[in-house]
Amino acid sequence: MRETFGPYEIVRRLGHGGMAETFLAVRRGPGDFEQRVCLKRVLPDFCGDHAFESMFLDEARIGASLRHSGIVGVIDFGDVDGRLYMALELVDGVDLCSILRVCPGHRLGARVVGVIASDLLHALDYAHARTRAGQPDGVVHRDLSPSNVLVSYAGEVKLTDFGIARAMGTSGATATSSVKGKIPYLSPEQARAEVVDGRSDLFSLGVVLFEALSGARPFDGATMSETMGRLLSDVRRPIAHVAPETPVPLAAVVERLLAHAPSDRFATATEALEALAAAGLHAVARRDVGALASRVRPKQTVPGQLDGAAELTGAPPGQPAQQIERASLRDRLLTAGGIFLLCLTAFLAYVAIAYPPDRSPTPPIAAPPVLFPAPGPVALPAPLAPAIAPVEAPPPGASDAGSPPPGADASARRPVGERARRSVLQATVVPWGRLWIDGRPLERGSARLELAPGRHVVGAGHARPTVTQVVELAPGERRSIVLRLR
């Protein structure tokens, strides 16, 4: 029997972050009325956390006030037994992060990038320039990244997750006392916790477009601290050097979006749209953009926020629909051939083991290499220590998701009783930073970890831990902690 939560019937779980989780849910009414939504609710450990609940409420208020075809809308908000939730518009598609992971070279064709850029600029133009009752009421997103860009199977591009968005007010700018957002996509002024306006979102869009065209982010370093240093020092290669096939007009738009000083960028999203239109990149059909989403995951309903891994490899982007169909047939044939070779190899290995020649044992036969591109992200974080094994993937949109550490396999091989006695710790750094567990850096700011019962020291900071907390975990205990950096 399905779980009910307030007026909603939960169908299945879709994602899990550090402070909230998402579900595919249905609200039913008279006359066979049915509305499918993405239900986002606060995790039990954060119920009563006034700071987080205030942020969650702000997200719901801002999302509900935005009405644009390029923005995922908030449909409902409330609480059930003190547990806050919001219902989001459900989108049939996948996030841009998943598309980039499966495309050859983790990049897209220029025409497809042009469509994505145009749609996102229209959404930002609405959000930044919005007025209510004749007064400026613009909103800065502050968290624009591939994981917050959705591409539907119909080829629509939508911006989602206004969780840290702020109203600009009559001055057209918003101030903040702390750094919020994903480090690789921050603007320089956002990274310095300075006053930001719509041009900060334009810079973040420039990072997304740079990544989509080249397969790499412009300021990436070996660590988050190095990435931050490169961003603040404006150390990067031009898009024309890393993706020389990019049309000159589009490259010029990306370079201006990425200008270090806000005054050197486009003043508004409208101005950027005009420059993009001059590049003449709108010939690609919507169905071709939607075909990219279909190549990532078989058509199914997914929420405004995803954290699932891509299941299929993608055809080269920007191709006509007929070429995408031919690529799909070619991939199926290659897959069938690969399965046949693996079966043949297994049979030969069995024969070699079961009937060895008299003179010497048959050497083992290696399986043929897999020829499909790995769906992992471009940059992998340093692996965790063997004693620390993640239980689940990092929160949706996390930019440093990678392969499980060596300790994860060892944990999986432990007897069920032993695994049940281990403890689970969810640690989150606010507003941003790195985690250290027992002196070992994790290279990310939120992690769900399986640890041995006993005493553990959790640290948070940037180049080094500046805040520490000692936790005593009982066997089988599940605990969440938040380390706040000042």
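Quick note on our numbering: the sequence shown kicks off at 559 and runs consecutively. Virtual Cβ for every residue (Gly too), placed ideally from N, Cα, C. Nothing here was measured: the structure is a model prediction, and the numbers come from that model.
Nearest-angstrom beta carbon gap, residue j and residue i [assumed within contact, 8 Å]
i	j	result
ILE674	VAL715	5 Å
VAL988	VAL1040	6 Å
LEU1031	GLY1017	With a Cβ gap of about 16 Å, LEU1031 and GLY1017 do not count as contacting.
VAL707	LEU678	7 Å
LEU808	GLY606	About 49 Å; that fails the 8 Å criterion.
HIS686	ALA819	Not really, about 18 Å apart at Cβ, beyond 8 Å.
PHE635	ALA618	4 Å
ALA668	THR804	6 Å
Among the options, nearest to residue i - alpha-carbon criterion
i	options	result
ALA622	PRO662, PRO704, PHE720 and VAL670	PHE720
ALA583	ARG571, HIS626 and PHE635	ARG571
VAL569	LEU771, LEU597, ARG757 and PRO588	LEU597
LEU682	GLY640, ALA780 and GLU829	GLU829
TYR711	ARG724, ASP759, SER762 and VAL652	VAL652
SER758	ARG1002, GLY779, THR781 and ASP701	ASP701
LEU550	SER1038, ASP822, HIS626 and VAL806	This structure leaves residue 550 out entirely; the chain is present only between 559 and 1044.
VAL698	ILE722, THR689 and ARG1006	ILE722
ASP822	VAL1025, PRO802, GLY779 and PRO746	PRO746
HIS1020	MET782, SER705 and HIS664	MET782
ASP637	LEU615, PRO1023, ARG625 and HIS664	LEU615
ARG986	LEU1009, ARG979 and MET577	The residue asked about is misnamed: residue 986 is Thr in this sequence, not Arg. Of LEU1009, ARG979 and MET577, the residue nearest in Cα terms is MET577.
GLY997	PRO1023, PHE610, GLY628 and LEU1009	PRO1023
HIS664	ARG979, LEU831, ILE995 and VAL854	VAL854
GLY573	ARG669, SER705, ARG794 and ARG625	SER705
LEU512	VAL811, ALA817 and LEU816	Past the boundaries of the shown model lies residue 512; the chain is included only from 559 to 1044, so the question cannot be answered.
ASP792	LEU816, ALA1010 and ARG560	LEU816
Straight-line Cα distance separating residue j from residue i
i	j	result
GLN1027	LEU1000	16 Å
LEU666	LEU658	7 Å
TYR684	TRP990	28 Å
LEU790	VAL765	14 Å
GLY575	SER703	16 Å
PRO662	LEU850	12 Å
GLU579	PRO602	10 Å
GLU769	ARG775	5 Å
LYS738	ALA749	8 Å
GLY543	TYR566	Residue 543 cannot be examined here, being either before or after the span of the chain that is shown, 559 to 1044.
SER981	VAL660	34 Å
ARG845	GLY713	6 Å
SER772	SER656	16 Å
GLU1035	ALA798	52 Å
GLN593	LEU767	34 Å
GLN984	ALA825	41 Å
ASP778	GLU784	8 Å
VAL709	HIS680	15 Å
SER992	GLY589	With the sequence shown as reference, residue 992 is identified as Arg, and Ser is not the correct amino acid for it. Each residue's Cα considered, the two are about 52 Å apart.
ARG1042	ARG690	35 Å
THR728	TYR743	With a pLDDT of only 44 at THR728, under 50, the local geometry of the prediction cannot be trusted, and the value read off the model is given with reservation. Roughly 26 Å between the two C-alpha positions.
VAL1047	ASP695	The question about residue 1047 has no answer, for the chain in this structure spans 559 to 1044.
VAL630	THR718	5 Å
GLY564	PHE581	13 Å
PRO1033	ARG814	55 Å
SER676	ALA1005	35 Å
ARG688	LEU763	19 Å
LEU760	VAL753	15 Å
VAL800	GLY692	45 Å
VAL1015	ALA751	29 Å
SER852	GLY838	26 Å
ALA609	VAL1025	19 Å
ASP639	GLY628	33 Å
ALA725	ARG979	47 Å
PRO796	ARG1002	27 Å
TRP994	ARG1037	17 Å
HIS626	ARG586	25 Å
GLU611	LEU1007	24 Å
LEU624	GLY756	16 Å
ILE633	MET613	17 Å
ILE620	LEU654	23 Å
ARG794	VAL670	24 Å
heavy atom of the ligand NAP below 8 Å from residue i C-beta
i	result
HIS680	Here there are no bound small molecules, and the ligand NAP is not part of this structure.
Legend entry - Touch test, the stretch 644 to 652 against the stretch 594 to 611, Cβ-Cβ under 8 Å, three pairs minimum: yes
Legend entry - Whole beta strand (DSSP E) elements within the stretch 1005 to 1032, 3-residue minimum: 1012 to 1019 and 1023 to 1031
Legend entry - Unbroken stretches of the alpha helix (DSSP H), 4 residues or longer, contained in the stretch 744 to 823: 746 to 749, 756 to 772, 782 to 791, 797 to 800 and 806 to 815
Legend entry - Minimum length 4: unbroken alpha helix (DSSP H) runs contained in the stretch 611 to 684: 654 to 660
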